[in-house]
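Enquirer: Residue numbers (the working numbering): 39 to 651.
C-beta atoms are modelled at their ideal positions from N, C-alpha and C, and glycine is treated no differently.
One structure coming up, written as structure tokens, with questions to follow.
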Ligand code: GP9
Ligand code: MN
């Protein structure tokens, strides 16, 4: 085969320019956009080299063919740049990487919005638009599909594969449990690189989606044994709220530290602070959500299963069988409802609520939503609660009613007339505005309680108020630190994942429960108070009222917290001093933590609850 030396040299040069540019771009993103925790020179070295093999191979698609294809190379380059940038945007808020299910969530979750605009930087176009210059280069060098010397092609392929294998080998030496902890996406990206991570993620999602086809009832008995082994005794509170209506309020993006805060001497959450004195209050309660945010919290509270590490179960597994809180309550004659001032399809609620056994979903179309009474994602909380009262009055008792608040949502927008507190003055507007929307949310609940009392709906109900997930992600730790006057290290960051939990039982005295727990524990806690024994159950959580419960909460990224220790980012810390401590202090929980997350995932991927007898 004849080879045109000049033309083929240009193609080679083009290939190397693309590899070098993408390598540099990726490394700059690792360094300046992703805040990866690096431990030691080995990890640093691995981070430096981990994209080379994958980039050389992927761009090589246009090279290793019989005739090289510069256009195809550029297309792959552009695609990888877009993937990189999409991750940058996602990471800026979530401090996490995109997974395949997140892409499928876009339809349900609204896609581009004001929230995204908030996250864009001036230099962002450079990350993708360099492809235009490269396109110009194709023309300038007059690059064509030519055949290349096969010797050089072989050498390049060898180099690319070699780099890929060296990266993989080094990654396994440094992190032998890499694949067992595949929910730890940071570990994956910093070891095998951003592009290999995505290839793995696509394969992983495709395989797990087939799991339910091959599952049978042998799996469930092993998991049932595990869950039974961890069960707790009945508490003295069993049945104290028997036959009462159940009112659950999900506090959008509300973190527990806000309950203690004051700005210029004024409390940010005056109503909740009062209410907690007359309620069961849980100051060591954590959210355990991942990429499914509000829907993950709802999923956990209804099912006492962990959400999946990637995507939202509401979106991914709405056809599974579940043993949910609404179904258990229906068994006791309850009418089960949910209220939310957003579209029915958001987070695929319409479909998933059906599966979970909700009798009625009052969504945006049931409310009078105008430009004046809505902001950001939908109806403002005060009119939302006001307009819910007439519906609530009509419900047949006993009922359960879940209210999902919405105004305190990133990027925390609020009109002047609704701003009831002065804002702090940190360097981040998002952090400052958060105080105002949390204050507004507190006001809306105060008004709701006043209305419930006026309508005679208060006495016969119990109230569960919980924060659904963090509002200020790790991105804002520096600004939170400015406000709190301390640096936010890893332990402090985990502590910021505490969310409020108040359970108000009219007639019961207030009490503080210091137990360490999380959203997974709410379903058994609620059922205990209502005095309901499920006919069939598989709850990974344990009642927060049980005297013999273990103080342990497992976060979805594999971090965990006990009475004394915090384990996060592969390091064991003393909770009190926030200092690193010996790994073996945490190590006795490792197996249990891993098993608990794995078993819960297996239930969901395998749709195993359909085999429960
Ligand atoms: C929207 C509400 C907010 O319906 O659930 O969603 P989030 O972003 O918090 O999951
Ligand atoms: Mn939410």
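#1: What are the residues that DSSP puts in a beta bridge with residue 542?
#2: Alpha carbon to alpha carbon, how far is residue 351 from residue 333? Give it in angstroms, no decimals.
#3: Using a Cβ-Cβ cut-off of 7 angstroms (strictly less than) and excluding sequence neighbours within five positions of residue 250, which residues of its own chain qualify?
#4: Note down, one range per segment and in chain order, each beta strand (DSSP E) of at least 3 residues found wholly within the segment 445-520.
#5: Quick check for students: name the residue ranges of the beta strand (DSSP E) that lie wholly in the segment 239-293, counting only runs of 3 or more.
#6: Below 6 angstroms CB to CB, which residues in the same chain sit around residue 465 once its five sequence neighbours on both sides are set aside?
#7: Considering only their Cβ atoms, is the gap separating residue 342 from residue 579 smaller than 8 angstroms?
#8: Please determine if the segment 615-631 and the segment 234-247 are in contact, where contact requires at least 3 C-beta pairs separated by less than 8 angstroms.
#9: Between the segment 555-570 and the segment 356-370, do three or more beta carbon pairs fall short of 8 angstroms?
#10: Check residue 427 in the structure and name its three-state DSSP category.
#11: Determine which residues share a DSSP beta bridge with residue 350 and list them.
#12: Just to be sure I understand the criterion: a residue counts if its Cβ is closer than 5 angstroms to at least one heavy atom of the ligand GP9. Which residues meet that?
#13: So what's residue 398 in DSSP terms, helix, strand or just coil?
#14: Quick one, which of 118, 48, 83 has its alpha-carbon nearest residue 59's?
#15: Quick check on this structure: which residue in 463, 494, 46, 563 has the alpha carbon closest to the alpha carbon of residue 522?
#16: Following the continuous alpha helix (DSSP H) through residue 119, name the residue where it begins and the one where it ends.
#17: According to DSSP, simplified to helix, strand and coil, what is residue 386?
#18: If I measure Cβ to Cβ from residue 647 and keep anything under 8 angstroms in the same chain, skipping five residues before and after, which residues do I get?
#19: Leaving out the 5 sequence neighbours to the left and right, which residues in its chain are closer than 6 angstroms to residue 631 when beta-carbon positions are compared?
#20: Are residue 473 and residue 306 close, meaning C-beta to C-beta below 8 angstroms?
#21: Roughly how many angstroms separate the alpha carbons of residue 162 and residue 154, rounded to a whole number?
#22: Give the secondary structure of residue 305 by DSSP, where H, G and I count as helix, E and B as strand, and everything else as coil.
#23: Per DSSP, residue 30 forms a beta bridge with which residues?
#24: Hey, how far is the Cα of residue 346 from the Cα of residue 328?
#25: Touching or not, the segment 422-437 and the segment 259-275, by the rule of three or more beta carbon pairs under 8 angstroms?
#26: Whole angstroms is fine: what's the gap from residue 402's alpha carbon to residue 419's?
#27: Would the C-beta of residue 260 count as close to the ligand MN, meaning under 7 angstroms from any of its heavy atoms?
#28: Do the CB positions of residue 320 and residue 551 come within less than 8 angstroms of each other?
#29: Can residue 291 be considered in contact with the ligand MN, in the sense that its beta carbon sits closer than 7 angstroms to one or more heavy atoms?
#30: Got a sec: does the ligand MN put a non-hydrogen atom nearer than 7 angstroms to the Cβ of residue 506?
#31: I think residue 416 touches residue 379, with their Cβ atoms under 8 angstroms apart; what is that distance to the nearest whole Å?
#32: Assign residue 302 to buried or exposed, taking buried as 16 or more other Cβ atoms, counted over all protein chains shown, within 10 Å of its Cβ.
#33: Which residues does DSSP pair with residue 378 in a beta bridge?
#34: Taking the beta strand (DSSP E) that residue 592 falls in, what are its first and last residues?
#35: If we count the other Cβ atoms within 10 Å of its Cβ and call it buried at 16 or more, is residue 525 buried or exposed?
#36: Does the segment 540-550 come into contact with the segment 505-520, if we say contact requires no fewer than three beta-carbon pairs (one atom in each stretch) closer than 8 angstroms?
Expert: Well, looking at it:
#1: The beta-bridge partner set that DSSP reports for residue 542 consists of 501.
#2: Answer to the nearest angstrom: the Cα atoms are 8 angstroms apart.
#3: Excluding sequence neighbours, residue 250 sits near 643, 644, 645.
#4: Qualifying beta strand (DSSP E) stretches, in chain order: 499-505.
#5: If only uninterrupted beta strand (DSSP E) runs of at least 3 residues are considered, those enclosed by the segment 239-293 are 283-289.
#6: Only residues of its own chain outside the window of five on either side were considered, and among them 517 have a CB closer than 6 angstroms to the CB of residue 465, listed in chain order.
#7: Yes, the pair counts as a contact, with Cβ atoms nearer than the cut-off.
#8: As far as the Cβ criterion goes, the segment 615-631 does not touch the segment 234-247, which means the pair count is below three.
#9: Cβ pair count under 8 angstroms is three or more, so yes.
#10: Looking at residue 427 - three-state DSSP - the assignment turns out to be helix.
#11: Beta-bridge pairing links residue 350 to no other residue.
#12: With the cut-off at 5 angstroms, the residues found are 331, 332, 380, 384.
#13: In the three-state reduction of the DSSP assignment, residue 398 falls in the strand class.
#14: The shortest Cα separation from residue 59 among 118, 48, 83 belongs to 118.
#15: Between residue 522 and the set 463, 494, 46, 563, the nearest pair of CA atoms involves 463.
#16: For residue 119, the enclosing alpha helix (DSSP H) has its first and last residue at 108-132.
#17: Residue 386 falls in the helix class under three-state DSSP.
#18: When the five nearest sequence neighbours on each side are left out, the beta carbons in the same chain lying within less than 8 angstroms of the beta carbon of residue 647 are those of 258, 358, 359, 360, 361, 576, 641, in order along the chain.
#19: So the qualifying residues of the chain are 592, 598.
#20: Against a cut-off of 8 angstroms, the Cβ pair of residue 306 and residue 473 comes out as a contact.
#21: It is roughly 13 angstroms from the alpha-carbon of residue 162 to the alpha-carbon of residue 154.
#22: Correct three-state label for residue 305: strand.
#23: Since the first residue shown for the chain is 39 and the last is 651, residue 30 is missing from the structure and cannot be characterised.
#24: Between residue 346 and residue 328, the C-alpha separation is close to 7 angstroms.
#25: Output reads no: the segment 259-275 does not touch the segment 422-437.
#26: If you take the alpha carbons of residue 402 and residue 419, they lie about 12 angstroms apart.
#27: The ligand MN has no heavy atom closer than 7 angstroms to the beta-carbon of residue 260.
#28: Taking 8 angstroms as the cut-off, the beta carbon of residue 320 is found closer than this to the beta carbon of residue 551.
#29: Within the cutoff, so yes.
#30: At least one heavy atom of the ligand MN sits closer than 7 angstroms to the Cβ of residue 506.
#31: Right, the Cβ-Cβ distance comes to about 4 angstroms (below 8 angstroms), so this counts as a contact.
#32: Only exposed fits residue 302, as fewer than 16 other CB atoms lie within 10 angstroms of its CB.
#33: Residue pairing of residue 378 in beta bridges, as defined by DSSP: 442.
#34: From DSSP, the beta strand (DSSP E) with residue 592 extends over 590-592.
#35: Within 10 angstroms of the beta-carbon of residue 525 lie fewer than 16 other beta-carbons, which makes it exposed.
#36: No, the segment 540-550 does not touch the segment 505-520.
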